[in-house]
Every structure is written in C-alpha cells, then in structure tokens.
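Here is the structure we will look at, set down as structure tokens.
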Amino acid sequence: MKHFFRYLPSYAGLGLLWLLHWLPLPLLRSLGAGLGRLLFLFGRERRRIGRINLALCFPQCSEAEQKRLLRRHFVVLAQSMLDRTLFWWAPRSRLERIIRIKGGEHLQRQDGRSTLILAPHFVGLDAGGVIVAMTLTTPVVSVYSRQKNPVFDAVLFAGRMRFNVPLLLSRQEGMRRVLRAMKQGIPFFYLPDMDFGPRESIFVPFFGVETATITGVSRLVRASGAKVVPCIARLVPDGYEVELHPPWENFPGESIEADTAFMNRFIESQVLTMPEQYFWLHKRFKTRPEGEPRIY
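Below, the structure is given as structure tokens:
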C-alpha cells in the first residue's frame, strides 16, 4: 500500500494514457500535435539541443528553415509518444491495420545465418519493433535501459513482451549474451546510432561531423556471420509504414572503421527522406575528439 501511494501520480498518469488508446487515430494525432507545439514552446533545453544538431547537420538551411524543421520534429515526436498507448494496449487487429510492413521476407533465416535488424532512431521506431515482433515466429533479442520509475518500467516491459517472447537484456549486461543469442539464430533488434560515450566508439562522419559511433554492428556481424537488415519506420497520417531493406551486400567490409562509416552514410540517406522524423533532441555529438571544444 505504501508503494501504491508513493507512485500514485504515476498510476494516475498511466490511467490517462490507457484512456487515450481508445481514441480514433486522427483524434489521437491531433492531441499529439497540440502536445508537440507545447513541448516546443516550453522545452527550452531540448529545443536548444535540437537547434544545435540541425545547425551542424544542415548548415545549408537558413536559421528559419531549421526552426521550422525542429517545430515539425516536436509535433511528430509527441504524436509518436501518444501512439505508444496503442502499442501497449490496442488489440493486435488494430495494430495490423495501422502498421504496414514491407520487405518482411528479408527477416527469413537463410543459410543458417542470424539477422541483425538495424533500427535507427526515427520517431516510428517503436512501431517497427511491434510489427517485427508480430511478424516473426521466433524470439527477438533486444537491449533496453531500465526506467528509474518502477511503475513505468513495468508497463514498458510488458509492452515489449506482448506479441513475442523476446530476450530483453539490459545495457549493463553488455554484448556477450547478445552474441550468444545471435549464434543460436535469434535475430537482434539493434539501435546503434546514439552517443554512448568514448568506450567502444570511434569517430566517423555523420552529416560531415566527426561523431562518436559505436562499432557494435560491424563487430557483431564479424563474430556471428549475421546479415544486416535495416528497419526504417515512417510515421504517416493513417499510421506507420515500416520498410525492411534487403540485407547489406559485401558487409562486413575491409575494416570496422569502414563498416561504421558505411552505417552512418546509410542512416544519413534515410534521414534525408524524412528529416523531421529523426530524433534530434539527443546530444548526438556530446563526445568529441581529444582537443575539440564541447558542442553543447
């Protein structure tokens, strides 16, 4: 009972979110758009980070263009946040109507090889994870970060367990268990495009900026023999479109450095198709080469 009262605001917030999942998608999206505009107005620190990131990645755009892009990003980000209520509680039949998948055949295991599903940080990322879980008949391994709030952590965990029996590993457990699972043929849903600090990262360009990038994709593929299948999720007015690209050819390449640079170039190419939907509010360039000044 003491635990309940301590986290009463969390339970109340989750109750409100649960009610939202009953709404028609157009109304839910309208609420998300309004929330996004409010977050843009009052989220001063995240707005600052986003403007720095966009100025670095799109220097050819005027300040006004970058501001408009960032405002659109806040809207689609907030819409995707409210859409998570559907992923957590809506029935499978509804999710199959609003999440459309293309290229599902690329998930099929061939020649005994496992699959590394490369999932960059677009706002539709969770929709990609949901449809992949619903498509596969085998478990999926994924890495997650535990939430400090145990109430929200339990809901997030249950949401990820709805349609499959994934092997969820905390980031603190490292990649050894992931590699063991991949060698057993279990696909790995991997999000490698954030700044996790200098450990196990190298500097390769991302939109022309030397960026600390983890080398896990190259290392895991070299160790497991897996194929890389990119998973790109796009938020659209009536739901999500998730495209699974054909496996990368001639990968891994000549070196870990070349592989990691190739990955960043691929992500860049996808960002350019929907720049407002990439996650710009993370300090992607926080870790700098020795001697370079801090960006944020």
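Take the sequence shown: its position 47, counting from 1, is numbered 112 in this note's numbering, and each next residue is one higher. We put the beta carbon where it would ideally sit given N, CA and C, even for glycine.
Closest by C-alpha distance to residue 168, when choosing among 201, 360 and 141: Taking only the C-alpha atoms, the option nearest residue 168 is 201.
Inter-residue CB distance, residue 297 and residue 187 (contact presumed, cutoff 8 Å): Cβ-Cβ separation between residue 297 and residue 187: approximately 7 Å, consistent with a contact (criterion under 8 Å).
Integer Cβ distance of residue 333 from residue 272, believed to fall under 8 Å: Yes, they are in contact, since the Cβ atoms of residue 333 and residue 272 sit about 6 Å apart, within 8 Å.
Residue 106 classed as buried or exposed, judged by whether at least 16 other C-beta atoms fall within 10 angstroms: A residue is called buried once 16 or more other Cβ atoms fall within 10 Å of its Cβ, and residue 106, having fewer, is exposed.
Counted within 10 angstroms of its Cβ, other Cβ atoms place residue 258 as buried (16 or more) or exposed: Label assigned to residue 258: buried.
Limits of the beta strand (DSSP E) - the one that residue 300 falls within: Annotation: the continuous beta strand (DSSP E) that includes residue 300 extends over 292-301.
Rounded separation between residue 266 and residue 92 - CA only: Going by C-alpha positions, residue 266 is about 42 Å away from residue 92.
Nearest-angstrom beta carbon gap, residue 304 and residue 90 [assumed within contact, 8 Å]: About 7 Å; that satisfies the 8 Å criterion.
Proximity test, Cβ basis, 8 Å: residue 178 and chain D: Going by chain labels, chain D is absent from the structure shown, which holds only one protein chain.
Per-residue burial, residue 328 [other beta carbons within 10 Å of its own, 16 or more giving buried]: Its Cβ being crowded by 16 or more others within 10 Å, residue 328 is buried.
Three-state class that DSSP yields for residue 270 in the structure shown: Three-state DSSP puts residue 270 in a strand.
Beta-carbon spacing of residue 350, residue 274 below 8 Å: Yes, the pair counts as a contact, with Cβ atoms nearer than the cut-off.
Spatial neighbours of residue 149 in its chain, beta-carbon cut-off 7 Å, leaving aside the 5 residues before and after: Excluding positions up to five away in sequence, the list reads 191.
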